[in-house]
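Participant: Quick one: the structure is below, and I'll ask about it shortly.
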Amino acid sequence: LVQGHLLSIAAGRSVQAYALMAASAAIGLAIGHEIARRWASRLPPLPGSALAWAGIGASLALASAHWNDLPEFFGAYMAYPLVHNFGAREAVRGTVCALMLMPAAVFAGMARALSTRGASSPAGTATGIALHAAGGAVGALAAGLWLLPAFGGILGAQVLTLIAVAAAVATALLLLAGPETAGLRPWRLPTLGASLAAGLLAWACGGWPLDPAQQGAAAHAFFVRQDWGRTIDSAERFGDGLSTVTVSAGERPVKQLLVNGRFRGNDQWTGETQTQTAFTLAALLHQDRRGSALAVGYGTGLTARILKDAGFQRLDLADADTSAVALADRHFDSLNRGVSRLPGVTMSDLSARGALRAASKAGTAYDLILVDEPALWFAGAADAFNREFYQLALRRLSAQGVLAQRISLSRQAPSELLAIIATLRESFPQVSLYAMGSQGLLVATADRERALPMTAALARLERESTLAPVLAALGRSPLTLPNDRLLGPAGVDVFLHDTGLPPVFWASTDDNLHLEFGTPRGNVLDADESLKGNLKVLERYRGVQGASREETR
Numbered sequence: 019l020v021q022g023h024l025l026s027i028a029a030g031r032s033v034q035a036y037a038l039m040a041a042s043a044a045i046g047l048a049i050g051h052e053i054a055r056r057w058a059s060r061l062p063p064l065p066g067s068a069l070a071w072a073g074i075g076a077s078l079a080l081a082s083a084h085w086n087d088l089p090e091f092f093g094a095y096m097a098y099p100l101v102h103n104f105g106a107r108e109a110v111r112g113t114v115c116a117l118m119l120m121p122a123a124v125f126a127g128m129a130r131a132l133s134t135r136g137a138s139s140p141a142g143t144a145t146g147i148a149l150h151a152a153g154g155a156v157g158a159l160a161a162g163l164w165l166l167p168a169f170g171g172i173l174g175a176q177v178l179t180l181i182a183v184a185a186a187v188a189t190a191l192l193l194l195a196g197p198e199t200a201g202l203r204p205w206r207l208p209t210l211g212a213s214l215a216a217g218l219l220a221w222a223c224g225g226w227p228l229d230p231a232q233q234g235a236a237a238h239a240f241f242v243r244q245d246w247g248r249t250i251d252s253a254e255r256f257g258d259g260l261s262t263v264t265v266s267a268g269e270r271p272v273k274q275l276l277v278n279g280r281f282r283g284n285d286q287w288t289g290e291t292q293t294q295t296a297f298t299l300a301a302l303l304h305q306d307r308r309g310s311a312l313a314v315g316y317g318t319g320l321t322a323r324i325l326k327d328a329g330f331q332r333l334d335l336a337d338a339d340t341s342a343v344a345l346a347d348r349h350f351d352s353l354n355r356g357v358s359r360l361p362g363v364t365m366s367d368l369s370a371r372g373a374l375r376a377a378s379k380a381g382t383a384y385d386l387i388l389v390d391e392p393a394l395w396f397a398g399a400a401d402a403f404n405r406e407f408y409q410l411a412l413r414r415l416s417a418q419g420v421l422a423q424r425i426s427l428s429r430q431a432p433s434e435l436l437a438i439i440a441t442l443r444e445s446f447p448q449v450s451l452y453a454m455g456s457q458g459l460l461v462a463t464a465d466r467e468r469a470l471p472m473t474a475a476l477a478r479l480e481r482e483s484t485l486a487p488v489l490a491a492l493g494r495s496p497l498t499l500p501n502d503r504l505l506g507p508a509g510v511d512v513f514l515h516d517t518g519l520p521p522v523f524w525a526s527t528d529d530n531l532h533l534e535f536g537t538p539r540g541n542v543l544d545a546d547e548s549l550k551g552n553l554k555v556l557e558r559y560r561g562v563q564g565a566s567r568e569e570t571r
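The opening position of the sequence shown corresponds to residue 19 in this note's numbering, with each subsequent residue numbered one higher.
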């Protein structure tokens with residue numbers, strides 16, 4: 019579990035990456051069992067267990083010394099044409115998982131097999147297996163609830179290394195203090211020597227903390243190291259991974275918030291921040307009501323601040339990555355102005371679905387749900403893009419409610435975009451798509467009056483005095499925002515119709531997990547070329563909007 023957490027930071031969080039981790043561990047355990055079985059006649063259980071524990075300690079120690087080298091390892095492959103396809107990259111990722119996980123798993127498999135083999139009866143063997151299963155469950159709970167939160171990944175692995183070495187030394191000493199048995203005598207000194215050698219290796223490899231600057235390079239995603247500047251703060255949390263705040267060099271240093279090396283926002287009122295502002299305001303073009311809103315995905319807190327300044331009486335915020343939220347509130351106050359602590363605002367550590375389920379229990383109906391989740395190729399992120407999520411969101415919206423969701427238009431195959439739009443259209447009769455830079459915003463509603471940008475909503479944006487700083491930072495008039503609408507409801511319907519298949523065919527669900535398995539493949543695509551290709555496909559349907567860019571109500 020500890021090594022899996024570290025690999026999720028250093029090797030990726032796609033469903034394929036987790037499958038490679040699980041496969042490496044399972045194969046290692048199987049190999050360890052087979053080694054113990056083949057050596058059953060030559061390796062007694064007691065010295066064998068000591069050697070296995072020493073092997074676990076040595077493997078964990080060696081891995082601890084190399085976690086920070088993995089970004090360089092992934093980045094070094096960019097010069098090789100072979101890794102410009104998905105299969106080759108996953109082969110490299112699988113090799114990394116095997117090198118970091120499999121040695122310790124082999125020795126763990128040996129330890130398990132040897133300890134149960136020493137039983138003198140079937141009942142004793144069954145008891146040993148049951149104790150191992152219980153120990154595995156307790157160990158997983160202890161690692162997730164105590165070890166990782168208290169020590170972090172690498173230090174947690176070093177604590178486990180010390181436990182393994184201590185178990186090896188204790189077993190070796192027990193062997194030395196035991197009776198002079200002919201079968202055990204030849205194993206005494208080798209066992210003690212291996213245990214002490216593992217201890218020396220653990221001492222030599224200790225003291226390597228996880229380097230946030232190295233891990234923030236995120237070379238595992240695109241096999242290219244990304245230089246975000248100097249790391250000034252970081253937070254590591256089991257389940258979330260590693261969140262960092264960096265400062266770029268230059269005359270005007272810029273702070274960036276990264277989650278597992280993926281960009282989540284900066285404090286510069288141009289570029290990405292302007293785009294994020296435009297997306298939030300574009301969602302408000304479809305909603306002039308200001309009752310309650312839910313924003314999923316906190317980022318730097320800018321979206322939440324805009325919604326609060328827009329006048330929503332109740333604002334619920336949800337982000338499962340509490341470490342990133344803490345860093346955002348600590349370093350990006352110029353953007354969010356402490357919105358998470360304002361009256362009428364609640365913050366929860368729930369996922370998108372978790373927040374909607376909580377709203378269901380409370381009977382809350384939202385006028386606006388705005389979803390800005392992390393990269394879709396992260397394992398579990400597709401939960402907010404599947405049919406079941408959209409059906410739940412529809413039930414939690416008021417009759418005039420609007421759902422807005424940010425998506426990427428680059429490093430995504432047209433078929434994946436089609437799946438997202440088709441899945442959303444299954445639940446919502448009115449769907450529009452805005453395009454700004456390499457990002458898109460889907461706006462969906464069941465209310466025909468809010469299917470298109472509303473004159474009343476635009477007028478409300480302009481007269482909200484609290485929004486004046488945001489509108490000034492936008493860098494253009496909010497009157498231009500409707501021009502960014504690439505597809506209206508009619509355009510979406512024709513786009514889906516032209517596939518020749520009903521939307522249900524393309525839909526991603528909790529059963530088929532189309533997006534969960536498909537979107538990681540987009541990481542091998544060139545960002546600019548994939549963006550151009552997707553826009554070229556979608557542009558064909560822009561004119562289906564009727565009055566097109568001037569079509570406002």
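Ideal Cβ positions, reconstructed from N, Cα and C, are used throughout, including at glycine.
For Gly174, which residues in the same chain have their Cβ closer than 6 angstroms to its Cβ, ignoring the five residues on either side in sequence?
Facilitator: As a position in the sequence shown, residue 174 is number 156, starting the count at 1. Taken in chain order, the residues that qualify are Val20, Leu165 and Leu166.
Participant: What do you reckon, are the CB atoms on Ala469 and Pro496 nearer than 8 angstroms?
Facilitator: As a position in the sequence shown, residue 469 is number 451, starting the count at 1. As a position in the sequence shown, residue 496 is number 478, starting the count at 1. Going by C-beta atoms, Ala469 is not nearer than 8 angstroms to Pro496.
Participant: Decide if Glu534 is buried, meaning its Cβ has at least 16 other Cβ atoms within 10 Å, or exposed.
Facilitator: In the sequence shown, residue 534 corresponds to position 516, counting from 1. The residue is buried, with at least 16 neighbouring Cβ atoms inside 10 Å.
Participant: What separation, rounded to the nearest whole angstrom, lies between the Cα atoms of Val156 and Asn501?
Facilitator: Residue mapping note: residue 156 aligns to position 138 of the sequence shown, counting from 1. Residue mapping note: residue 501 aligns to position 483 of the sequence shown, counting from 1. Straight-line Cα distance between these residues: approximately 57 angstroms.
Participant: So Glu254 is in the beta strand (DSSP E); what residue range does that whole segment cover?
Facilitator: For the purposes of this step, residue 254 is taken as the residue at position 236 of the sequence shown. Arg248 to Arg255 is the span of the beta strand (DSSP E), which, as asked, contains Glu254.
Participant: Can you grab the Cα-Cα spacing for the pair Leu275 / Thr134, in whole Å?
Facilitator: As a working mapping, residue 275 is identified with position 257 in the sequence shown. As a working mapping, residue 134 is identified with position 116 in the sequence shown. Roughly 49 angstroms separates the two Cα atoms.
Participant: When DSSP labels each residue in this structure, what does Gly283 get in the three-state scheme?
Facilitator: Here residue 283 refers to the residue found at position 265 of the sequence shown. Strand, per DSSP.
Participant: Using only alpha-carbon positions, find the residue among Ala267, Phe241 and Glu254 that is nearest to Arg248.
Facilitator: One-based indexing of the sequence shown puts residue 248 at position 230. Taking only the C-alpha atoms, the option nearest Arg248 is Ala267.
Participant: How many angstroms separate the CA atom of Ser573 from the CA atom of Ala370?
Facilitator: Residue 573 cannot be examined here, being either before or after the span of the chain that is shown, 19 to 571.
Participant: Return helix, strand or coil for Tyr384, following the three-state DSSP convention.
Facilitator: Sequence index remark: in the sequence shown, residue 384 carries index 366 (1-based). Correct three-state label for Tyr384: strand.
Participant: If you draw a straight line from the C-alpha of Asn552 to the C-alpha of Met128, how long is it?
Facilitator: Translated into the one-based positions of the sequence shown, residue 552 becomes position 534. Translated into the one-based positions of the sequence shown, residue 128 becomes position 110. Cα to Cα, Asn552 sits roughly 51 angstroms from Met128.
Participant: Near Ala565, what residues of its chain come up, given a Cβ to Cβ distance below 6 angstroms and the 5 sequence neighbours on each side ignored?
Facilitator: Taking the sequence shown and counting its residues from 1, the one referred to as residue 565 is at position 547. In this predicted model, Ala565 has a pLDDT of only 38, less than 50, meaning its place in the structure is not dependable enough to derive any value.
Participant: Is Leu368 helix, strand or coil when you go by DSSP?
Facilitator: For the purposes of this step, residue 368 is taken as the residue at position 350 of the sequence shown. Looking at Leu368 - three-state DSSP - the assignment turns out to be coil, as it is neither helix nor strand.
Participant: Let's test the definition: count the other Cβ atoms within 10 Å of the Cβ of Trp221 and tell me whether it reaches 16, buried, or not, exposed.
Facilitator: For the purposes of this step, residue 221 is taken as residue 203 along the sequence shown, with counting starting at 1. Exposed is the call here.
Participant: Is the distance from the Cβ of Gly217 to the Cβ of Val187 below 8 angstroms?
Facilitator: Looking up residue 217 in the sequence shown gives position 199. Looking up residue 187 in the sequence shown gives position 169. Contact flag set, yes.
Participant: Excluding five sequence neighbours on each side, which residues of the same chain lie with their C-beta closer than 7 angstroms to the C-beta of Asp339?
Facilitator: Within the sequence shown, the letter at position 321 stands for residue 339. Only Asp258, Ser261 and Val277 meet the Cβ criterion.
Participant: Nearest CA to the CA of Arg494: which residue from Ile53, Thr293 and Arg443?
Facilitator: Numbered from its first residue, the sequence shown carries residue 494 at position 476. It is Thr293.
Participant: Leaving out the 5 sequence neighbours to the left and right, which residues in its chain are closer than 7 angstroms to Tyr559 when beta-carbon positions are compared?
Facilitator: The sequence position of residue 559 within the sequence shown is 541, counting from 1. Result list for Tyr559: Leu505, Gly509, Val512 and Phe513, in chain order.
Participant: What does the Cβ neighbour count give for Val522, buried or exposed, with the cut at 16 atoms within 10 Å?
Facilitator: Indexing the sequence shown from 1 puts residue 522 at position 504. Exposed, by the Cβ-count rule.
Participant: Could you pull out every residue in the same chain whose Cβ sits closer than 6 angstroms to the Cβ of Tyr408, ignoring the five residues on either side in sequence?
Facilitator: Numbered from its first residue, the sequence shown carries residue 408 at position 390. Excluding positions up to five away in sequence, the list reads Leu442 and Ser445.
Participant: Whose C-beta lies closer than 6 angstroms to the C-beta of Thr179 among residues of the same chain, with five residues either side of it excluded?
Facilitator: Here residue 179 refers to the residue found at position 161 of the sequence shown. Same-chain partners within the cutoff: Gly75, Leu78, Ala79 and Ala220.
Participant: Taking the CB atoms as reference points, tell me whether Leu386 and Gln331 lie closer together than 8 angstroms.
Facilitator: The residue given as residue 386 occupies position 368 in the sequence shown. The residue given as residue 331 occupies position 313 in the sequence shown. Cβ distance not < 8 angstroms, so Leu386 and Gln331 don't count as in contact.
Participant: Find out if the Cβ-Cβ distance for the pair Ala464, Leu412 is shorter than 8 angstroms.
Facilitator: Stepping through the sequence shown from its first residue, residue 464 is reached at position 446. Stepping through the sequence shown from its first residue, residue 412 is reached at position 394. Yes, the Cβ-Cβ distance between Ala464 and Leu412 is below 8 angstroms.
Participant: Going by CA-CA distance only, name the one from Leu61, Phe403, Gly50 and Pro230 that's closest to Ala525.
Facilitator: As a first step, residue 525 must be located in the sequence shown, where it is residue number 507. Taking only the C-alpha atoms, the option nearest Ala525 is Phe403.
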